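Chemist: Mapped onto mature numbering (1 follows the signal peptide of the UniProt record, and there is no 0), the consecutive letters of the sequence shown carry residue numbers -19 to -1, 1 to 189.
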Amino acid sequence: MPKTLIAAALLTVFGLAHADQPATAVAPDKIARGLLLQHEERLIFSPCRDRSYTNVDDASAGGEVSAALRQFGLGNGKPLYIEVFGAAESGMLRINDLNMARRDARCYAPRRSTGEWRAGAGAAWSLTLFEGMATLQRNGQPDLTGSYEETLSTPKQSEIRIAGASPVAVRITRQRCRDTAGDDERLFAWQAEITTATGKLEGCAWRQ
């Protein structure tokens, strides 16, 4: 099937057949979660749990977000699930930064967004920060839990200390990170390094 017909079929499947339908507004500095489709040179975003859509303007430095997404696999007939920081402006979604992307083009948007960190490396380990409490789960080891404090927060780096019988140090650095475990490859904007009493863990991080 020609690419133009594939793209037209995807537009219909995503509920994007009516080009003048506006998308749900996205507040500044919030995470927009949904499906991203490239149709020729045009980027189209459809938010999760909503059949609306909008054109996308990549306002990141040098268009780095859309470039990274194309390198990751976005193309005509190849949509992605994405989470991006942006705002609805002048009838389009203006994106500023990437949170994460998945090749599996299905919506995974949480029902509640807290802005707190999550991190992990496939099934090996995962870290969840939620409402002031942290939980570190590791394959084959007991969970570590405790309250946490963000001791450093800049656009490029975050440092977090998790209290408990065995304190845990978390460093999150602004650098592209891929998780290739399993069939669903994911792309993140952040790398995570966790130091525990038994050693270091490395993986990717994102905002939830």
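Glycine is no exception: its CB is placed at the ideal position from the N, C-alpha and C atoms. Quick caveat: nothing in here was measured; it's all calculated off a predicted structure.
(1) Is DSSP giving T(-8) helix, strand or coil here?
(2) By the three-class DSSP mapping on this structure, what secondary structure does E166 have?
(3) Please report the distance separating the alpha-carbon of residue 198 from that of A173.
(4) Mapping the DSSP letters down to three states, classify Q52 as helix, strand or coil.
(5) If you reduce the DSSP assignment to three classes, tell me which class E140 lands in.
(6) Within a Cβ cutoff of 6 Å, which residues of the same chain sit near S147, ignoring the five residues on either side of it in sequence?
(7) Quick check: what's the CA-CA separation for P91 versus E21?
(8) Report the CB separation of G67 from L61 in whole angstroms; it is logged as a contact under 8 Å.
(9) Below 6 Å CB to CB, which residues in the same chain sit around residue 199 once its five sequence neighbours on both sides are set aside?
(10) Taking one C-beta from the segment 130 to 140 and one from the segment 148 to 161 each time, how about it: are there three or more such pairs within less than 8 Å?
(11) Among all the DSSP beta bridges, which residues are the ones paired with V65?
(12) Might you give, ordered along the chain, the residues of its own chain that have their beta carbon closer than 8 Å to the beta carbon of G56, omitting 5 neighbours on each side?
(13) Can you check whether the CB of T109 is closer than 7 Å to the CB of R99?
(14) Just list the residues that DSSP pairs P28 with in beta bridges.
(15) Taking the alpha carbon of T95 as the point to measure from, which residue in E112, S27, V37, L168 has its own alpha carbon closest?
(16) Could you have a look at E174 and say whether DSSP puts it in helix, strand or coil?
(17) Please state whether DSSP places S47 in a helix, a strand or coil.
(18) Restricting to Cα atoms, I'd like to know which of A82, M114, A42 is closest to E97.
(19) Verify whether the separation of the beta carbon atoms of D38 and S47 is less than 7 Å.
(20) Looking at the secondary structure, which residues open and close the beta strand (DSSP E) in which P123 lies?
Modeler: Reading it off the structure:
(1) If you number the sequence shown from 1, residue -8 lands on position 12. Legend: pLDDT at T(-8) = 45, less than 50; position of this residue unreliable, value from coordinates given subsequently. In the structure shown, T(-8) sits in a helix (DSSP, three-state: H, G or I).
(2) As a first step, residue 166 must be located in the sequence shown, where it is residue number 185. Coil.
(3) Nothing in the structure corresponds to residue 198, since the chain is present only between -19 and 189.
(4) Translated into positions along the sequence shown, residue 52 becomes position 71. Q52: helix per DSSP, three-state reduction.
(5) Position 159 of the sequence shown, counted from the start, is the residue given in the question as residue 140. In the structure shown, E140 adopts extended strand secondary structure according to DSSP, grouped into three states.
(6) As a working mapping, residue 147 is identified with position 166 in the sequence shown. Hits under 6 Å: A178.
(7) Taking the first residue of the sequence shown as position 1, residue 91 is located at position 110. Taking the first residue of the sequence shown as position 1, residue 21 is located at position 40. Approximately 30 Å, taken between the alpha carbons.
(8) Locating residue 67 in the sequence shown gives position 86, counting from the first residue. Locating residue 61 in the sequence shown gives position 80, counting from the first residue. G67 to L61, Cβ: 15 Å. No contact.
(9) Coverage of the chain is limited to positions -19 through 189, which leaves residue 199 absent and any answer about it impossible.
(10) The segment 130 to 140 vs the segment 148 to 161: in contact.
(11) For the purposes of this step, residue 65 is taken as the residue at position 84 of the sequence shown. Looking at the DSSP output, V65 sits in a beta bridge with A13, L79.
(12) Position 75 of the sequence shown holds residue 56. Cβ neighbours of G56 beyond the five flanking positions: Q19.
(13) Here residue 99 is taken as the residue at index 118 of the sequence shown, counted from 1. Here residue 109 is taken as the residue at index 128 of the sequence shown, counted from 1. Taking 7 Å as the Cβ cut-off, R99 and T109 qualify as a contacting pair.
(14) As a first step, residue 28 is located in the sequence shown; it is residue number 47 there, counting from the start. Within the DSSP secondary-structure output, P28 pairs in a beta bridge with G15.
(15) The count along the sequence shown starts at 1 and reaches residue 95 at position 114. Here the closest residue by C-alpha is E112.
(16) Counting from 1 along the sequence shown, the entry for residue 174 is found at position 193. Strand.
(17) Reading the sequence shown from its first residue, position 66 is the one you call residue 47. Correct three-state label for S47: helix.
(18) Taking the sequence shown and counting its residues from 1, one reaches residue 97 at position 116. For E97, the nearest C-alpha among the options comes from M114.
(19) As a position in the sequence shown, residue 38 is number 57, starting the count at 1. As a position in the sequence shown, residue 47 is number 66, starting the count at 1. Against a cut-off of 7 Å, the Cβ pair of S47 and D38 comes out as no contact.
(20) Position 142 of the sequence shown, counted from the first residue, corresponds to residue 123. Start and end: 122 to 134.
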